[in-house]
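I have placed the structure first, in the form of structure tokens, so that the comments after it can refer back to it.
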Amino acid sequence: MIAKRIGKAASCMLLVVIALNLQITATYSAPCFDFFIPPDDKITTEQGLVTTEQALTVNPSPSTSSYIEPPPRIEPVFDSENSGLPLNLLEHINDSASAAYAVNVAVAAMSSELKESPEARSTLTSFMEEAAAMAASRNSQMGDLVVSEITAVTMSSDADAAIKAVVKVASSAEIELDREMKKVLKFKTESDVVDITLEPSLLRINADIVKVQAPSFTISIPKSFIEANASYTSFLIHAEPVESELKLISASNLNLNRFLAAAASGKETAVEVEFSKKPVDSITLGLVYTQKTDGVPVIAEGSEVLASKRNSITQTIDAKISGEGTYKVKSSIKSFSDMKNKSASMQEAVNYLASNGIVSGTSQANFSPDMPISRAEIAMLLTKTIGYYNESADGHFLDVFKTDWFFGAAGSAKQKGIMVGTNPEGTLFSPKMNIPKIQIASIFARILQTEMRYIVVSDAETEKTLSIFSDRNSIPDWAAKDIALVLRQNILKGSYSFSGDKELSRGEVAEMLHVLYLRIWE
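Heads up, the sequence shown is in this note's numbering, so the first residue is 25 and it goes up one at a time.
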């Protein structure tokens with residue numbers, strides 16, 4: 025165990041070691057140019073937005089003799105393999121204007137079909153969030169960061185301005201975002217040895233996430249984590265890479281060059297994370313991972329695969345953790361013999377979710393896709409999907425016992441507000457009861473709104489969306505907007521009849537869960 029670096033940490037210090045495999049290549053970072061964004065009347069046209077070529081070349085006429093030619097722009101490189109967006113522009117953003125420029129280039133390259141695609145809009149929104157975060161970010165050579173109201177107030181103001189700027193660009197392109205953007209306060213450090221101190225005064229800042237980006241990993245701290253852990257005293261998070269082959273390395277003799285050399289040589293590396301006390305809630309760890317793999321790249325703790333996802337914008341593998349362990353990126357491949365005759369989309373969904381440790385089979389070889397799904401199974405699937413599963417969470421249900429395999433799932437689902445009791449008093453969970461389609465749709469919509477701030481569908485759009493069903497009148501008012509939301513996000517597929525009382529199979533729920541998983545992890 026390496027020497028602890030946080031001297032003022034409480035005695036209940038937790039240790040988390042995250043291991044990852046990195047493929048390091050020699051790169052050259054171009055200087056960060058100031059971008060020039062033309063005035064509104066120059067970047068917009070009667071149709072709403074200029075083309076990609078125009079976005080790169082248009083310049084206003086000099087209004088005064090003191091006009092200075094803007095510095096050269098960075099040529100955008102569209103990432104066709106992952107997001108399809110000009111990701112290289114993100115690293116050259118340093119203000120609201122350059123953030124708006126990057127988003128302008130991105131939306132100008134989108135076809136009308138992409139603008140109507142919920143998948144493409146979701147990825148674009150994540151790109152816009154990252155652009156706004158970069159515009160308001162702060163750089164530091166050192167990794168010792170004290171995050172308080174004083175350090176964050178200017179960043180918060182800059183982030184607000186950047187969000188306003190990029191939303192205006194999307195609106196000019198007639199792109200209607202499906203969810204509200206999250207405000208991220210981003211710190212970039214050149215050090216891979218990071219100490220983050222969260223001060224209680226940070227609670228007065230209106231921000232959703234505090235993110236620290238180091239060369240080989242990122243740490244994203246949601247507002248809920250800050251509220252739970254830094255309400256009265258400072259909370260410390262320490263992270264640094266170590267060489268897993270060495271049993272003891274002190275923090276003083278570990279440096280970035282040594283870490284990079286080890287990574288370049290193909291050695292497995294690890295990142296040690298320490299907390300000043302046992303944390304409440306989870307943080308998101310993003311591990312840089314550039315290797316190609318035939319399977320699904322996931323983060324694992326020992327032999328246990330965690331809910332994780334490749335972030336198509338930051339190019340990291342992200343996972344939510346709230347406890348100690350040894351984490352590394354690995355390739356995971358899972359499949360079941362009884363899925364061979366199912367649709368390609370169902371096979372993809374089941375294999376992906378199984379590889380990510382979200383779903384499991386009824387046996388080692390079989391998934392049993394045609395079996396109905398119970399409330400207990402849904403609770404387990406959803407709490408793992410959102411990274412909120414706590415095996416000891418107690419929902420105080422009279423029909424759920426500590427010896428039940430779903431005890432923590434039922435309790436976690438209740439604490440998160442995903443699922444409640446089946447009786448008016450809320451004391452019964454009914455774990456073996458099969459759950460109908462209408463309830464699943466409502467639960468999924470609730471997760472979209474609470475986890476990613478998806479916007480409630482308007483009355484007019486709800487009626488338009490639900491008009492495809494012959495049994496529209498059988499859909500109760502309490503579920504109408506929820507069903508419209510999951511339909512518009514392609515989580516639920518439309519058909520002639522909605523049939524809300526139908527009991528969905530394990531395979532059908534897996535298909536829905538696959539889409540939900542990709543949405544809430546953007």
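Using N, Cα and C, we set each Cβ at its ideal position, and we do this for glycine too.
Computed from a predicted model, the values in this text were never measured in an experiment.
*asked:* If you reduce the DSSP assignment to three classes, tell me which class L330 lands in.
replied: coil
*asked:* Which residues does DSSP list as the beta-bridge partners of K354?
replied: V322
*CA-to-CA distance, L516 to Q47, given in whole angstroms*: Note that Q47 scores 37 on pLDDT, short of 50, meaning its location in the model is unreliable and no value can be drawn from it.
_Presumed contact (8 Å Cβ cut-off) between I544 and E475, rounded CB distance_ = 5 Å
*What distance in whole Å lies between the Cβ atoms of D525 and N460, which are believed to be in contact at a cut-off of 8 Å?*
Note that residue 460 corresponds to Pro in the displayed sequence, not to Asn. The pair is a contact, with the Cβ atoms about 5 Å apart (cut-off 8 Å).
*Under 8 Å by Cβ, that's how I've got Q513 and P142 pegged, so tell me the actual separation to the nearest angstrom.*
5 Å
*Three-way DSSP call (helix, strand, coil) for L309 in this model*: strand
_Limits of the unbroken alpha helix (DSSP H) element including V170_ = Note, V170: premise wrong, no alpha helix (DSSP H); beta strand (DSSP E) at 168-171.
_Residues in the same chain with beta-carbon distance under 8 Å from T147, minus the five sequence neighbours each way, listed in chain order, please._
S107, G108, L109, S336, I337, E546
_Could you compute how far the alpha carbon of V217 sits from the alpha carbon of G326?_
23 Å
*According to DSSP, is R558 helix, strand or coil?*
Because the chain in this structure spans residues 25 to 546, residue 558 falls outside the shown range and cannot be described.
_CA-to-CA distance, E532 to S361, given in whole angstroms_ = 17 Å
_So A183 and A156 are supposed to be a Cβ contact under 8 Å. How far apart are they, rounded?_
6 Å
*With distances taken between CB atoms, is the gap from M158 to L114 smaller than 8 Å?*
yes
*Among the residues of its own chain, which have a CB less than 6 Å from the CB of S120, if the five just before and after it don't count?*
A159, A185, A186, A189
_For S494 and V312, I'd like the C-alpha separation in whole angstroms._
49 Å
*Per the contact definition of three or more C-beta pairs closer than 8 Å, is the region 209-227 in contact with the region 163-180?*
yes
*asked:* Starting from R162, trace the beta strand (DSSP E) in both directions and tell me its first and last residue.
replied: 162-164
*Would you call the region 420-437 and the region 351-371 in contact, with 3 or more CB pairs under 8 Å?*
no
*Determine, using beta carbons only, whether A331 and K408 come nearer to each other than 8 Å.*
yes
*Short check: CB of S392 to CB of N458, under 8 Å?*
no
*Under 8 Å, do E296 and V266 count as touching if we go by C-beta distance?*
yes
*Shortest alpha-carbon distance to M404 belongs to which of V481, S387, M443, S255?*
M443
_Those runs of the alpha helix (DSSP H) which lie wholly inside the region 354-392 and span at least 4 residues_ = 368-379
*Kindly list the residues whose CB is nearer than 6 Å to the CB of K440, restricted to its own chain and excluding five residues on each side of it in sequence; keep chain order.*
Y412
*For A503, which residues of its own chain have a beta-carbon under 8 Å away from its beta-carbon, when the five flanking residues on both sides are left out?*
I462, A465, S466, G524
*Endpoints, beta strand (DSSP E) assigned at E211*: Per the sequence shown, the amino acid found at residue 211 is Phe instead of Glu. Where F211 is concerned, the enclosing beta strand (DSSP E) stretches over 208-213.
*Just curious, the alpha helix (DSSP H) that L142 is in, first and last residue?*
A small fix is needed here, since residue 142 is Pro in this sequence, not Leu. Element bounds for P142: 142-159.
_Can you tell me whether S240 is helix, strand or coil according to DSSP?_
coil
*Measure the C-alpha to C-alpha separation of A437 and L511 and round it to an integer number of angstroms.*
23 Å
*asked:* Given this structure, state the Cα-to-Cα distance separating R470 from L540, to the nearest angstrom.
replied: 11 Å
*Output the distance between the C-alpha atoms of N375 and I357, rounded to the nearest integer angstrom.*
7 Å
*Within the same chain, show all residues whose beta-carbon is closer than 7 Å to that of F421, passing over the 5 residues directly before and after it, in chain order.*
A434, G445, T451, L452, F453
*asked:* Taking its Cβ as the centre, do 16 or more other Cβ atoms sit within 10 Å of I243, making it buried, or is it exposed?
replied: buried
*Mind checking whether L226 and A144 have CB atoms under 8 Å apart?*
no
*What is the rounded straight-line gap between the Cα of S387 and the Cα of N447?*
33 Å
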